[in-house]
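Trainee: The sequence shown begins at 1 in this note's numbering and counts up one residue at a time.
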Amino acid sequence: MATREGIKEKELVSKTMLIPQEEMLEKMSRGKKIKIGIPSDFSKVEYRVPLTPQGVDLLTSYGHEVFIEQDAGKMTNYSDDEYRAVGAYVVESKEETFQCDIILRIAPFDYDEINSMRGNQVLFSNMQIQAQSSV
1 MATREGIKEK
11 ELVSKTMLIP
21 QEEMLEKMSR
31 GKKIKIGIPS
41 DFSKVEYRVP
51 LTPQGVDLLT
61 SYGHEVFIEQ
71 DAGKMTNYSD
81 DEYRAVGAYV
91 VESKEETFQC
101 DIILRIAPFD
111 YDEINSMRGN
121 QVLFSNMQIQ
131 AQSSV
């Protein structure tokens, strides 16, 4: 039988394929719960949304919480109800999404938005270096 890095293929299969699915789910769910915020981008003339309901479904299945601003997916034909159906919290204000551990957005954040964040957060967005040099 062929070996891969000193481990026989038969041993690999027995270690991964014969684990009960319940045990695998239990191992996957043992992590830190992360709060992910998705503010809308309407004021920036940006119509994309960084997470589809399918992406939110995956994150919430691992125990994370997703907070999406009301109507953030409207221009991409994703309704608030679609996000709620997969476990997202639809919030009324951008400020609520800015209190999350991770904030996802397509358009760059402006100075006022950055000042309304709590700090020690991970931000995923585009940047405009010249426009944001004072930030």
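Using N, Cα and C, we set each Cβ at its ideal position, and we do this for glycine too.
Within 8 angstroms, do at least three Cβ pairs link the region 82-93 to the region 107-123?
Mentor: Verdict: no, contact absent.
Trainee: So, with DSSP's three-state summary, where would you put G37?
Mentor: Stepping through the sequence shown from its first residue, residue 37 is reached at position 37. Reduced to three states, the DSSP call for G37 is strand.
Trainee: Can you tell me where the beta strand (DSSP E) with E69 in it begins and where it stops?
Mentor: Translated into positions along the sequence shown, residue 69 becomes position 69. Looking at the DSSP string, the run of the beta strand (DSSP E) that includes E69 is 65-69.
Trainee: Cβ-heavy atom distance between R84 and the ligand ADP below 6 angstroms?
Mentor: The ligand ADP is not part of this structure, which contains no ligands at all.
Trainee: Of the choices Q54, G31, L104, whose alpha-carbon is the least far from that of F67?
Mentor: Translated into positions along the sequence shown, residue 67 becomes position 67. Comparing Cα-Cα distances from F67 to each of Q54, G31, L104, the minimum goes to L104.
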